[in-house]
Each structure stands twice: as structure tokens, then as C-alpha cells.
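> Okay, here's the structure, questions in a sec.
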Amino acid sequence: MLRGNALAKVDDKGRLKLPSVFRSLVEPKYGTEYFVTSLRGESVRIYPMEVWTRFEERLAKAPQFDPAVMRLRNAVNYYGQAAIMDAQGRILIHPLLRECAGTRGEVAVLGLHDFLEVWNRSVFEERLAAAPLTDQDLESLSRIGI
């Protein structure tokens, strides 16, 4: 289970060194193959290839011509590329996605159950401040048993 946050840096070549707190969990379980993508281009999602393959299998069962399915496929493929974690624990974020998501320098790496999400740190902090968790959100979560 991937959870929490770790600050990291994306180097000049676009490589993210996975924080040790996450690397120690994902590498032994999933190995070194990943799919790096985004839903909207505002953040980077790093899926262990095994997790991504399970997602693709579910997606393959969805109606091919459903507009939402088509948009999702277009987005994840436009932003996505396979990546191999190197011996130093670095994963390349390809240039198109790196540019769209603004993932240069300091980033926040969030553990989201079975994948990682990478945000430009200042952008993420601005989003948190602009749209904080509200009492109404907590009530909604309570209604669904969370």
C-alpha cells in the first residue's frame, strides 16, 4: 500500500529519483517496469506495469465507442510512455508530460494505494489552499461510509 507524501526532485534530464519510502515498497513487489502517464496533464502518474496492465484489461472490457472511454484512452496514451527504473531508482518523465505538468525541480510524490502521483510542489500546494477539504466534503464522505 502506497500512502503519504515525500518531496523529491526531477533532475535536468527529466528523471525522478523515487523517494526511498516508496522505492522500498514498489521495487521488491513490482520490479523496475512502469507506465508513466497523466489524466489531464497537470500531474504525473507512475503505475507499476503490473498495476497498469490490470487497468488496461478493465478498460478493454469497456464499450469501445463510449465518449468517456475514448477520451480516457486518448489522454493516457498521449501523455503516457513505458519507463524502466534505473539502478539508482530513477524513472524518466518524458518531455511532453514533464512540460505539461511542470514537473521540474522540487516535486511532491504522493502514494495513492497502488500508484504514485507526482505534482509540481508549488502548484499542488496552491490547489490544496484553493480547494480545501470542507465540512460538506466530510458530510458527503460520511454518507458513503468513509
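At position 41 of the sequence shown (counting the first as 1) the number is 23 in the numbering used here, and the numbers step up by one without a gap.
Glycine is no exception: its CB is placed at the ideal position from the N, C-alpha and C atoms.
Owing to the predicted nature of the structure, the values given are computational and were not obtained by experimental measurement.
Can you tell me which of the three DSSP states PRO1 falls into?
coil
> Taking the Cβ atom as the reference point for each residue, do VAL91 and VAL26 lie within a distance shorter than 7 Å?
Taking 7 Å as the Cβ cut-off, VAL91 and VAL26 do not qualify as a contacting pair.
> Compare the beta carbon distance of ALA181 and ILE73 with 7 Å and say whether it is the shorter of the two.
Any property of residue 181 remains undetermined from this structure, which presents the chain solely from -17 to 128.
> For THR116, is the classification buried or exposed, using 16 other Cβ atoms within 10 angstroms of its Cβ as the cut-off for buried?
exposed
> Would you mind reading off the limits of the alpha helix (DSSP H) that contains PHE37?
Looking at the DSSP string, the run of the alpha helix (DSSP H) that includes PHE37 is 31 to 42.
> Which stretch, first to last residue, makes up the alpha helix (DSSP H) that contains ALA57?
49 to 61
> Closest to ASN59 by CA distance: which of LEU78, MET67, PRO10, GLN70 is it?
LEU78
> Based on the DSSP output, what are the partners of PHE97 in its beta bridges?
Bridge partners of PHE97: LEU94.
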